[in-house]
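Residue numbers (this note's numbering): 122 to 486.
Where is the CB? At the ideal position from N, CA and C, for every residue including glycine.
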């Protein structure tokens with residue numbers, strides 16, 4: 122048991138499911154909390170082995186890291202309506218940086234378990250999740266790593282579900298996106314097409330709140346059908362790969378038409394053609410989606426091919442690096458030949474707010 126800035130750890134911190142941090146539980150003033158230690162950057166405490174230039178360089182990196190994280194956590198803490206796990210403390214202790222959040226009394230639920238529920242319950246769960254993500258988006262926060270592991274559920278006294286969104290290590294302010302692919306993490310199963318293009322440093326790799334919408338589209342298809350959207354697995358390994366190649370995903374026709382149409386829009390190749398989370402919420406409540414205006418232009422200069430790009434994802438064994446190798450007629454190569462498409466989003470009458478849903482996701486229950 123260690124003392125980290127007054128937090129007494131409960132057991133050793135571990136790096137399970139996290140390649141860039143160690144985490145565990147601790148107690149302070151009788152309250153049990155979740156604590157995470159960032160593996161980088163490392164503040165230069167022992168300066169005897171470093172030159173003055175190296176010390177100044179490392180300190181500058183650490184100061185920028187702290188300032189960016191501090192600003193982000195300040196915005197994040199303004200988002201919560203009880204369904205976002207916010208930050209209680211953020212500090213440097215010795216050479217490492219730590220973040221502290223509440224210990225959540227909830228559990229992860231496999232999408233297959235949600236699939237077994239009736240349609241009403243599944244729609245309710247999806248609306249609760251949309252509410253949670255909307256509370257981030259209205260403050261300009263992109264979660265960046267929406268997946269089952271980062272959505273915790275709890276049964277209420279009425280036997281219904283409530284949810285909490287966790288793990289904001291991949292999150293960022295939409296106005297200040299990651300500068301390089303090294304600053305961006307994501308699970309390839311739920312990765313949006315433009316997220317891969319960003320990692321590949323290719324044209325069209327602009328990160329926005331719509332990457333969360335794409336991830337939710339994949340997740341909602343699992344909730345509604347018990348499986349991922351269909352694609353040719355002999356050619357593609359992931360949904361985003363098929364979408365980038367122009368493959369029409371198989372959205373199961375066993376899914377009710379209104380939900381099927383919503384998921385199809387959420388999984389569109391072009392971010393601007395996807396609905397916002399507030400529009401997706403309204404669609405699940407019976408309001409028709411507004412179609413964006415699309416203007417096709419002739420094919421322009423092809424973007425650089427991205428054969429052999431290294432991409433990253435968080436797997437059960439921690440940080441995984443894999444090389445995406447394109448085939449002669451494969452998905453990424455064909456993206457380079459895609460015609461330019463301009464998509465104009467529908468005019469927004471007003472900025473969506475959390476109150477346009479309800480004060481808390483619990484109000485649905």
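Under the 10 Å beta carbon count, residue 241 is surrounded by fewer than 16 other beta carbons and is classified as exposed. Rounded to whole angstroms, residue 231 and residue 287 show a C-alpha spacing of 16 angstroms.
Three or more Cβ pairs closer than 8 angstroms define a contact, and the stretch 273 to 290 meets that threshold against the stretch 251 to 265. A contact between stretches requires three or more CB pairs, one per stretch, nearer than 8 angstroms, and the stretch 189 to 205 meets this requirement with the stretch 253 to 260.
Residue nearest to residue 383 within the set 364, 362, 245, 408 is 408 (criterion: CA-CA distance).
In the DSSP assignment, no residue is bridged to residue 163. Taken through DSSP and simplified to helix, strand or coil, residue 338 comes out as helix.
Assigned with DSSP and collapsed to three states, residue 295 falls in coil, not helix or strand. Following the DSSP letters along the chain, one finds residue 219 inside the beta strand (DSSP E) bounded by residues 217 to 223. The distance from the Cβ of residue 302 to that of residue 319 is about 7 angstroms, consistent with a contact at the 8 angstroms cut-off. Rounded to the nearest whole angstrom, the C-alpha separation of residue 124 and residue 349 is 44 angstroms. In the DSSP assignment, the residues bridged to residue 128 are 125. Buried is the label assigned to residue 252, since at least 16 other Cβ atoms lie within 10 Å of its Cβ.
Annotation: residue 217 to residue 133 spans about 16 angstroms, alpha carbon to alpha carbon. Of the residues 154, 388, 126, 220, the one whose Cα lies closest to the Cα of residue 360 is 388.
Its Cα nearest to that of residue 209, the residue 190 stands out among 190, 164, 215. For the pair residue 131 and residue 142, the CB atoms are not nearer than the 9 angstroms cut-off. For the pair residue 188 and residue 397, the Cα-to-Cα distance works out to about 29 angstroms. Looking from the CA of residue 366, the closest CA among 352, 376, 155, 378 belongs to 352.
The three-state secondary structure of residue 202, taken from DSSP, is coil. Contact between residue 328 and residue 299 holds, since their C-beta atoms are separated by about 7 angstroms, short of 8 angstroms. Cβ-Cβ distances below 8 angstroms link residue 296 to 261 in the same chain, with the five nearest sequence neighbours on each side left out; the list follows chain order. Judged by DSSP in its simplified three-state form, residue 226 adopts coil rather than helix or strand. Pairing residue 345 with residue 310 gives a Cβ-Cβ distance that is not under 9 angstroms.
Rounded to whole angstroms, the Cβ separation of residue 244 and residue 410 is 15 angstroms, and the two are not in contact under 8 angstroms. In this structure, residue 128 sits away from residue 194, with a CB-CB distance that is not shorter than 9 angstroms. Partner residues in a beta bridge of residue 359, as assigned by DSSP, do not exist. Under the 10 Å beta carbon count, residue 343 is surrounded by 16 or more other beta carbons and is classified as buried. For the pair residue 153 and residue 248, the CB atoms are not nearer than the 9 angstroms cut-off.
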